[in-house]
Amino acid sequence: MSSSGDVYLLYGGKTGWLGGKLHQLLQDQGKKVYLAEARLENRESMIREIDELKPTHVLNAAGVTGRPNVDWCDLHKPETIRANVIGTLNLADVCSSRGIHCTMYATGCIFEYDAEHTIGGKGFVEDDLPNFDGSFYSLTKGMVERMLRVYPGVLVLRVRMPISDDLVARNFITKITKYEKVVNVPNSMTVLTELLPASLAAAEKRLEGIYNFCNPGAISHNEILEMYKKFIDPNFTYTNFSIEEQDKILIARRSNNTLDCNKLVDALPGVEINEIHVAMEGVFARMRANLEKEGNFPPVRNDK
Ligand SMILES: NC(=O)c1ccc[n+]([C@@H]2O[C@H](COP(=O)([O-])OP(=O)(O)OC[C@H]3O[C@@H](n4cnc5c(N)ncnc54)[C@H](OP(=O)(O)O)[C@@H]3O)[C@@H](O)[C@H]2O)c1
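Per our numbering, the very first residue in the sequence shown carries number 13; after that it's consecutive.
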């Protein structure tokens, strides 16, 4: 059990992908952690729960991301606003007014490459304001980020294309190996095995404000798929198409960008945050070892 006196209240920990991983990590670290019962938009029950449990730290990995994908948010705008706007702002407001540190697992999908931020050029920094609103999800996330800047004690982590060490459906690697056709654009990405522990270190230090929350550098779809071939399945094949062709099969556009991670790396000396290609080598090595341990190597793929 925690000796620090810190008490964590985690939203999204019961059924969420990132939330489940955070819960496990907190338990592994011997932290005192509660899983929130309150829905984000229900301010009164949120207040009751927070005042009863008296957390020192709140972690918010709850919100709607859309199933089967983010297009859902374009088709369910009020529901998206209820959780991601009203709910997120409720939590920031309640925590900030009580002096409780609050970490928001937010998104970096609020930017797209532009004339000043080109592929291979300088990345977006924390002071940059969103320039991508091609999906309702991104539009609302960008608006909320601007409002979250107001609240003392709130840490906003711009997650991008999360990568895990397995082949679960939510993993960006799994997604792009299942697509009929895939675009090929370098992007910032968040390797969860490195960055979720980094987020807990950031919360413990009570960092606040906006942080680009990914591994330094950018990696393209094809670079990842070539690594998949090298580590997991030499027989795997894929077909590219252009962003314009991709736009035709989607309801909402997708964001492509590189975020500058210097602020995060400088704020967490001694915390392992590798350059994205190095981090991805680690991901694939662990993925292969896990699959071998489970007796599922090479993985059977009848899903494409
Ligand atoms: N996955 C990605 O690609 C990605 C990328 C960038 C950023 N992020 C951000 O990271 C966060 C976590 O993502 P994730 O992939 O872990 O999401 P997820 O697997 O879809 O989990 C979302 C969690 O939020 C809970 N939730 C939804 N609406 C809620 C509400 N109104 N009140 C309370 N809880 C609610 C869900 O609980 P129920 O099952 O009970 O509804 C679920 O536990 C999100 O804010 C997302 O925007 C994700």
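Every residue gets a Cβ at the ideal spot worked out from N, C-alpha and C, and that includes glycine.
CB-CB length for residue i against residue j, believed under 8 angstroms
i    : j    : result
A95  : E53  : 6 angstroms
S108 : G165 : 5 angstroms
G17  : L47  : Between L47 and G17 the Cβ distance is about 20 angstroms, and since that is not below 8 angstroms, they are no contact.
L179 : Y223 : Contact flag wrong, Cβ pair sits at about 28 angstroms.
H35  : L21  : Incorrect: roughly 11 angstroms between the Cβ atoms, too far for contact.
A230 : T270 : 4 angstroms
T344 : T92  : Because the chain is modelled from 13 through 316, residue 344 falls outside the range shown and cannot be assessed.
C273 : P228 : 4 angstroms
L167 : G221 : 7 angstroms
M201 : F225 : That pair is no contact at about 11 angstroms.
E61  : A50  : 5 angstroms
Exposure label - residue i; buried when at least 16 CB within 10 Å
i    : result
T249 : exposed
L141 : exposed
I255 : exposed
R172 : buried
D126 : exposed
T130 : exposed
K66  : exposed
V82  : buried
T27  : exposed
M13  : Note on M13: pLDDT 48, under 50, position unreliable in the model; the coordinate value appears next. Answer is exposed; the Cβ neighbour count stays below 16.
A74  : buried
P310 : exposed
D177 : buried
A181 : exposed
S150 : buried
T251 : exposed
V45  : buried
V156 : buried
P174 : buried
N268 : buried
N308 : exposed
N72  : buried
G4   : With the chain running from 13 to 316 in the structure shown, residue 4 is simply not present.
V70  : buried
G132 : exposed
V312 : exposed
V76  : buried
G111 : exposed
Residue i Cβ short of 7 angstroms to ligand 1 heavy atom set
i    : result
G146 : no
V76  : yes
Y23  : yes
L52  : yes
A95  : yes
T119 : yes
L207 : no
P80  : no
G28  : yes
V203 : no
G99  : yes
P174 : yes
R218 : no
G31  : yes
V171 : yes
R182 : yes
A214 : no
A73  : yes
Any non-hydrogen atom of ligand 2 within 7 angstroms of residue i CB
i    : result
E192 : Although ligand 2 was asked about, the structure shown includes only ligand 1 as ligands.
Within the chosen definition, does the stretch 282-300 reach the stretch 202-222 through at least 3 CB pairs nearer than 8 angstroms? yes
Check whether the stretch 84-91 and the stretch 259-268 are in contact - that is, three or more C-beta pairs closer than 8 angstroms.
yes
query = Is the stretch 208-219 close to the stretch 278-289, with three or more CB pairs under 8 angstroms?
reply = yes
At least three beta-carbon pairs within less than 8 angstroms, the stretch 97-104 to the stretch 148-164
yes
Three-pair Cβ contact test at 8 angstroms for the stretch 144-154 versus the stretch 185-201
no
(Q) I want to know whether the stretch 178-196 touches the stretch 110-122 - three or more CB-CB distances under 8 angstroms. (A) no
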